[in-house]
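When we follow this note's numbering, the leftmost residue of the sequence shown carries the number 4, and every step to the right adds one. Even glycine gets a Cβ: it sits at the ideal position worked out from N, Cα and C.
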Amino acid sequence: MSLVTIADLMSQAEKEGYAVGAFNANNLEIVQAIVAAAEAKRSPVIIQASQGALKYAGLEQITAMVKTAAAGATVPIALHLDHGTDFTQVMRCIRTGFSSVMVDGSKLPLQENIGLVQRVVQVAHAVGVSVEAELGRISGTEDNVTVSDREAYFTDPEEAEIFTRETGVDCLAVAIGTAHGPYKGEPKLDFERLDEIRRRVSVPIVLHGSSGVPDEAIREAVARGVRKINIDTDLRQAFVAKMREVLAAKPDEYDPRKILGPAREVLQQVIEHKIQVFGSAGRV
(Lines of atoms letter the chains of each structure in order from A; the text may use other names.)
(Lines give C-alpha, C1' and ligand atoms only; values in the text may rest on other atoms or scores of the structure.)
Protein backbone atom coordinates (compact mmCIF):
# COMPACT_ATOMS: atom_id res chain seq x y z
CA MET A 4 0.00 0.00 0.00
CA SER A 5 1.00 3.64 -0.30
CA LEU A 6 2.80 5.49 2.47
CA VAL A 7 0.56 7.04 5.12
CA THR A 8 1.21 10.02 7.38
CA ILE A 9 1.90 9.88 11.10
CA ALA A 10 -1.22 12.03 11.52
CA ASP A 11 -3.25 9.15 10.05
CA LEU A 12 -1.58 6.63 12.36
CA MET A 13 -1.88 8.85 15.44
CA SER A 14 -5.60 9.35 14.88
CA GLN A 15 -6.37 5.66 15.30
CA ALA A 16 -3.82 5.28 18.10
CA GLU A 17 -5.50 8.11 20.00
CA LYS A 18 -8.94 6.54 19.63
CA GLU A 19 -7.81 3.07 20.70
CA GLY A 20 -5.20 4.00 23.32
CA TYR A 21 -1.95 2.59 22.01
CA ALA A 22 1.35 3.92 20.64
CA VAL A 23 2.93 3.41 17.23
CA GLY A 24 6.60 2.48 17.12
CA ALA A 25 8.91 4.77 15.15
CA PHE A 26 12.06 2.82 14.28
CA ASN A 27 15.16 4.38 12.75
CA ALA A 28 16.58 2.76 9.61
CA ASN A 29 20.02 3.13 8.04
CA ASN A 30 20.15 0.30 5.51
CA LEU A 31 18.14 -2.33 3.63
CA GLU A 32 18.30 -5.01 6.32
CA ILE A 33 16.90 -2.69 8.98
CA VAL A 34 14.04 -1.60 6.72
CA GLN A 35 13.26 -5.25 5.99
CA ALA A 36 13.30 -6.16 9.69
CA ILE A 37 10.95 -3.30 10.60
CA VAL A 38 8.43 -4.23 7.92
CA ALA A 39 8.63 -7.96 8.65
CA ALA A 40 8.00 -7.31 12.36
CA ALA A 41 5.04 -5.05 11.60
CA GLU A 42 3.56 -7.67 9.27
CA ALA A 43 4.08 -10.46 11.80
CA LYS A 44 2.38 -8.45 14.54
CA ARG A 45 -0.25 -6.86 12.25
CA SER A 46 0.78 -3.43 13.44
CA PRO A 47 1.10 0.01 11.85
CA VAL A 48 4.68 1.25 11.87
CA ILE A 49 6.78 4.36 11.29
CA ILE A 50 10.16 4.07 9.57
CA GLN A 51 12.38 7.03 10.41
CA ALA A 52 15.49 8.44 8.77
CA SER A 53 17.74 10.72 10.79
CA GLN A 54 20.21 13.22 9.39
CA GLY A 55 22.93 10.63 9.87
CA ALA A 56 20.95 8.01 7.94
CA LEU A 57 20.37 10.41 5.06
CA LYS A 58 24.07 11.22 4.92
CA TYR A 59 25.03 7.54 5.07
CA ALA A 60 22.50 5.95 2.70
CA GLY A 61 21.34 8.94 0.66
CA LEU A 62 17.95 10.66 0.65
CA GLU A 63 16.78 9.13 -2.63
CA GLN A 64 17.96 5.65 -1.68
CA ILE A 65 16.27 5.66 1.74
CA THR A 66 13.05 6.96 0.19
CA ALA A 67 13.09 4.35 -2.58
CA MET A 68 13.72 1.48 -0.14
CA VAL A 69 10.86 2.44 2.16
CA LYS A 70 8.45 3.21 -0.68
CA THR A 71 9.17 -0.19 -2.22
CA ALA A 72 8.71 -1.92 1.12
CA ALA A 73 5.45 -0.09 1.75
CA ALA A 74 4.11 -0.93 -1.72
CA GLY A 75 4.43 -4.62 -0.96
CA ALA A 76 3.18 -4.42 2.63
CA THR A 77 -0.28 -5.12 4.00
CA VAL A 78 0.15 -2.87 7.06
CA PRO A 79 0.22 0.97 7.13
CA ILE A 80 3.74 2.43 6.96
CA ALA A 81 4.83 6.05 7.33
CA LEU A 82 8.20 7.41 6.19
CA HIS A 83 9.28 10.09 8.63
CA LEU A 84 12.21 12.52 8.86
CA ASP A 85 13.67 12.36 12.37
CA HIS A 86 15.21 15.55 13.81
CA GLY A 87 15.27 17.76 10.75
CA THR A 88 16.88 21.00 11.86
CA ASP A 89 17.28 22.74 8.52
CA PHE A 90 14.25 24.15 6.65
CA THR A 91 15.81 23.34 3.27
CA GLN A 92 16.51 19.74 4.27
CA VAL A 93 12.93 19.31 5.47
CA MET A 94 11.64 20.63 2.14
CA ARG A 95 13.90 18.21 0.24
CA CYS A 96 12.46 15.28 2.20
CA ILE A 97 8.93 16.42 1.41
CA ARG A 98 9.72 16.75 -2.30
CA THR A 99 11.39 13.33 -2.38
CA GLY A 100 8.34 11.59 -0.94
CA PHE A 101 8.47 11.51 2.86
CA SER A 102 4.94 11.28 4.22
CA SER A 103 5.87 13.00 7.50
CA VAL A 104 8.64 15.24 8.78
CA MET A 105 9.97 16.39 12.11
CA VAL A 106 11.36 19.89 12.36
CA ASP A 107 13.46 20.24 15.50
CA GLY A 108 13.76 23.83 16.70
CA SER A 109 14.00 22.82 20.35
CA LYS A 110 17.32 24.63 20.81
CA LEU A 111 15.73 27.90 19.71
CA PRO A 112 13.89 30.37 21.94
CA LEU A 113 10.16 29.60 22.07
CA GLN A 114 9.02 32.22 19.54
CA GLU A 115 11.77 31.31 17.06
CA ASN A 116 10.85 27.64 17.39
CA ILE A 117 7.21 28.52 16.76
CA GLY A 118 8.14 30.59 13.70
CA LEU A 119 10.22 27.78 12.18
CA VAL A 120 7.52 25.17 12.75
CA GLN A 121 4.83 27.46 11.32
CA ARG A 122 6.79 27.75 8.06
CA VAL A 123 7.16 23.98 7.78
CA VAL A 124 3.52 23.31 8.68
CA GLN A 125 2.29 25.77 6.07
CA VAL A 126 4.15 23.98 3.27
CA ALA A 127 3.77 20.41 4.52
CA HIS A 128 0.04 20.54 5.15
CA ALA A 129 -0.52 22.04 1.70
CA VAL A 130 0.83 18.83 0.15
CA GLY A 131 -0.63 16.35 2.65
CA VAL A 132 2.49 15.78 4.75
CA SER A 133 2.22 15.74 8.55
CA VAL A 134 4.60 17.51 10.92
CA GLU A 135 6.14 16.67 14.30
CA ALA A 136 7.96 19.25 16.40
CA GLU A 137 9.82 19.21 19.72
CA LEU A 138 9.56 21.41 22.77
CA GLY A 139 12.05 20.95 25.58
CA ARG A 140 15.48 19.46 25.00
CA ILE A 141 16.12 15.74 25.26
CA SER A 142 19.69 15.08 26.38
CA GLY A 143 22.12 12.82 24.56
CA THR A 144 23.13 12.45 20.93
CA GLU A 145 20.99 11.73 17.88
CA ASP A 146 23.53 11.46 15.02
CA ASN A 147 24.58 15.09 14.38
CA VAL A 148 22.22 16.58 16.99
CA THR A 149 23.72 16.74 20.49
CA VAL A 150 22.32 18.20 23.70
CA SER A 151 24.37 18.06 26.89
CA ASP A 152 22.83 17.23 30.26
CA ARG A 153 23.31 20.84 31.32
CA GLU A 154 21.41 22.13 28.30
CA ALA A 155 18.64 19.59 28.59
CA TYR A 156 15.41 20.74 30.16
CA PHE A 157 11.93 19.36 30.57
CA THR A 158 8.96 20.54 28.53
CA ASP A 159 6.92 23.29 30.17
CA PRO A 160 3.21 22.32 29.94
CA GLU A 161 2.06 25.93 29.56
CA GLU A 162 4.53 26.51 26.72
CA ALA A 163 3.39 23.24 25.12
CA GLU A 164 -0.18 24.57 25.05
CA ILE A 165 0.92 27.83 23.40
CA PHE A 166 3.25 26.04 21.00
CA THR A 167 0.73 23.55 19.64
CA ARG A 168 -2.00 26.17 19.36
CA GLU A 169 0.15 28.62 17.41
CA THR A 170 1.96 26.15 15.13
CA GLY A 171 -0.83 23.76 14.14
CA VAL A 172 1.65 20.89 14.45
CA ASP A 173 0.30 17.31 14.17
CA CYS A 174 2.18 15.83 17.14
CA LEU A 175 4.59 17.04 19.80
CA ALA A 176 7.78 15.46 21.13
CA VAL A 177 8.23 16.27 24.81
CA ALA A 178 11.11 16.02 27.28
CA ILE A 179 10.03 14.17 30.43
CA GLY A 180 13.24 12.35 31.39
CA THR A 181 14.34 10.27 28.41
CA ALA A 182 17.65 10.69 26.56
CA HIS A 183 19.15 9.79 23.20
CA GLY A 184 21.77 7.04 23.25
CA PRO A 185 22.60 4.45 25.94
CA TYR A 186 21.58 5.24 29.54
CA LYS A 187 24.12 5.21 32.36
CA GLY A 188 21.37 4.28 34.84
CA GLU A 189 17.65 3.58 34.79
CA PRO A 190 15.72 6.57 33.43
CA LYS A 191 13.00 8.08 35.62
CA LEU A 192 10.11 9.56 33.67
CA ASP A 193 8.16 12.54 34.98
CA PHE A 194 4.65 11.16 34.61
CA GLU A 195 3.03 14.05 36.46
CA ARG A 196 4.49 16.44 33.89
CA LEU A 197 3.22 14.18 31.12
CA ASP A 198 -0.28 14.26 32.64
CA GLU A 199 -0.24 18.06 32.77
CA ILE A 200 0.96 18.32 29.17
CA ARG A 201 -1.79 15.96 28.06
CA ARG A 202 -4.34 18.04 29.94
CA ARG A 203 -3.30 21.19 28.08
CA VAL A 204 -2.43 19.77 24.65
CA SER A 205 -4.83 18.18 22.17
CA VAL A 206 -2.29 16.74 19.70
CA PRO A 207 -0.66 13.31 20.14
CA ILE A 208 2.47 13.14 22.31
CA VAL A 209 5.79 11.67 21.12
CA LEU A 210 8.45 10.10 23.34
CA HIS A 211 12.02 10.29 22.02
CA GLY A 212 15.02 8.47 23.50
CA SER A 213 12.95 5.44 24.45
CA SER A 214 15.64 2.79 23.95
CA GLY A 215 16.63 1.40 27.33
CA VAL A 216 13.50 2.61 29.10
CA PRO A 217 11.97 -0.33 31.04
CA ASP A 218 8.88 -1.92 29.49
CA GLU A 219 6.81 -1.07 32.55
CA ALA A 220 7.62 2.64 32.20
CA ILE A 221 6.80 2.55 28.48
CA ARG A 222 3.44 0.92 29.16
CA GLU A 223 2.72 3.58 31.78
CA ALA A 224 3.63 6.35 29.32
CA VAL A 225 1.27 4.85 26.74
CA ALA A 226 -1.50 4.57 29.32
CA ARG A 227 -1.01 8.28 30.08
CA GLY A 228 -1.29 9.34 26.45
CA VAL A 229 2.00 8.86 24.54
CA ARG A 230 1.12 7.84 20.97
CA LYS A 231 4.46 7.68 19.11
CA ILE A 232 7.59 6.09 20.56
CA ASN A 233 11.04 6.45 18.98
CA ILE A 234 13.51 3.56 19.06
CA ASP A 235 17.02 3.63 17.61
CA THR A 236 19.79 2.66 20.04
CA ASP A 237 18.16 -0.68 20.97
CA LEU A 238 18.06 -1.56 17.27
CA ARG A 239 21.70 -0.68 16.63
CA GLN A 240 22.90 -2.60 19.68
CA ALA A 241 20.94 -5.76 18.83
CA PHE A 242 21.97 -5.65 15.17
CA VAL A 243 25.68 -5.16 15.83
CA ALA A 244 25.76 -7.66 18.71
CA LYS A 245 24.51 -10.43 16.42
CA MET A 246 27.01 -9.49 13.70
CA ARG A 247 29.82 -9.70 16.26
CA GLU A 248 28.53 -13.08 17.43
CA VAL A 249 28.50 -14.45 13.89
CA LEU A 250 31.99 -13.14 13.15
CA ALA A 251 33.35 -14.50 16.43
CA ALA A 252 31.98 -17.95 15.63
CA LYS A 253 33.07 -17.80 11.97
CA PRO A 254 36.03 -15.38 11.70
CA ASP A 255 36.71 -16.41 8.08
CA GLU A 256 33.17 -15.62 6.90
CA TYR A 257 33.17 -13.09 4.07
CA ASP A 258 29.63 -13.36 2.71
CA PRO A 259 27.74 -10.23 3.90
CA ARG A 260 24.44 -12.10 3.60
CA LYS A 261 25.55 -14.65 6.19
CA ILE A 262 26.55 -11.84 8.57
CA LEU A 263 23.73 -9.37 8.00
CA GLY A 264 20.99 -12.00 7.58
CA PRO A 265 21.14 -13.31 11.16
CA ALA A 266 21.37 -9.71 12.44
CA ARG A 267 18.20 -8.88 10.51
CA GLU A 268 16.39 -11.84 12.10
CA VAL A 269 17.38 -10.81 15.63
CA LEU A 270 16.39 -7.23 14.91
CA GLN A 271 12.94 -8.35 13.79
CA GLN A 272 12.46 -10.13 17.12
CA VAL A 273 13.45 -6.98 19.05
CA ILE A 274 11.01 -4.86 17.06
CA GLU A 275 8.19 -7.39 17.51
CA HIS A 276 8.70 -7.18 21.27
CA LYS A 277 8.57 -3.37 21.16
CA ILE A 278 5.37 -3.46 19.12
CA GLN A 279 3.81 -5.75 21.72
CA VAL A 280 4.81 -3.39 24.56
CA PHE A 281 3.47 -0.34 22.70
CA GLY A 282 0.07 -2.02 22.33
CA SER A 283 -0.10 -1.67 18.55
CA ALA A 284 -0.04 -5.41 17.79
CA GLY A 285 -3.20 -6.66 16.10
CA ARG A 286 -4.48 -3.17 15.22
CA VAL A 287 -4.45 -3.80 11.46
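Rounded to the nearest angstrom, the Cβ distance from Q64 to A25 is 20 Å, too far for a contact under 8 Å. In the structure shown, H83 adopts extended strand secondary structure according to DSSP, grouped into three states. The three-state reading of DSSP puts K70 in helix, counting H, G and I together. By the Cβ rule, the stretch 168–179 does not count as touching the stretch 213–221, because fewer than three pairs are nearer than 8 Å. Spanning the alpha carbons of R230 and A16 requires a straight line of approximately 6 Å.
Between S46 and R267, the CB-CB gap reaches or exceeds 8 Å.
Scanning T91, S53 and E169 for the CA closest to the CA of T236 turns up S53. Minimum Cα-Cα distance from S14 among the listed residues L263, V78 and P207 corresponds to P207. As computed with DSSP, F90 is found in no beta bridge at all. Note on geometry: alpha-carbon atoms of T66 and G108 lie some 24 Å from one another. Using a Cβ distance threshold of 8 Å, V78 and V34 do not count as a contacting pair. The straight-line gap separating the alpha-carbon atoms of L192 and A73 is approximately 34 Å. Pairwise C-beta distances place the stretch 100–114 out of contact with the stretch 36–45, as fewer than three of them are shorter than 8 Å. Within 10 angstroms of the beta-carbon of E32 lie 16 or more other beta-carbons, which makes it buried. Around the beta carbon of E135, 16 or more other beta carbons lie within 10 angstroms, which makes this residue buried. When secondary structure is reduced to three states using DSSP, G24 falls in the strand class.
In this chain, the alpha helix (DSSP H) harbouring N116 covers L113 to A129.
Under DSSP, M105 forms a beta bridge with E135. In the DSSP assignment, I200 falls within the unbroken alpha helix (DSSP H) covering F194 to R203. Per DSSP, the unbroken alpha helix (DSSP H) holding R267 starts and ends at P259 to F281. Nearest neighbour of A22 by Cα position, chosen from N30, I9 and A28, turns out to be I9. Listed as beta-bridge partners of C174 by DSSP are E135.
Contact between K277 and I234 is confirmed by a C-beta separation of about 6 Å, below the 8 Å threshold. Within the same chain, Cβ atoms closer than 7 Å to the Cβ of F157 are found at G139, A178, I179, D193 and R196, the five residues on either side in sequence being excluded.
Beta-carbon to beta-carbon, V124 and I221 are separated by about 28 Å, too far to satisfy the 8 Å threshold. Sorting R203, H128, S133 and T170 by C-alpha distance to the C-alpha of E161 places R203 at the top.
In chain order, L6, L82 and G100 place their CB closer than 8 Å to the CB of K70, counting only its own chain and leaving out the 5 sequence neighbours on each side. Residue pairing for V216: DSSP places it in no beta bridge.
DSSP places L12 in the helix class (H, G or I) of the three-state scheme.
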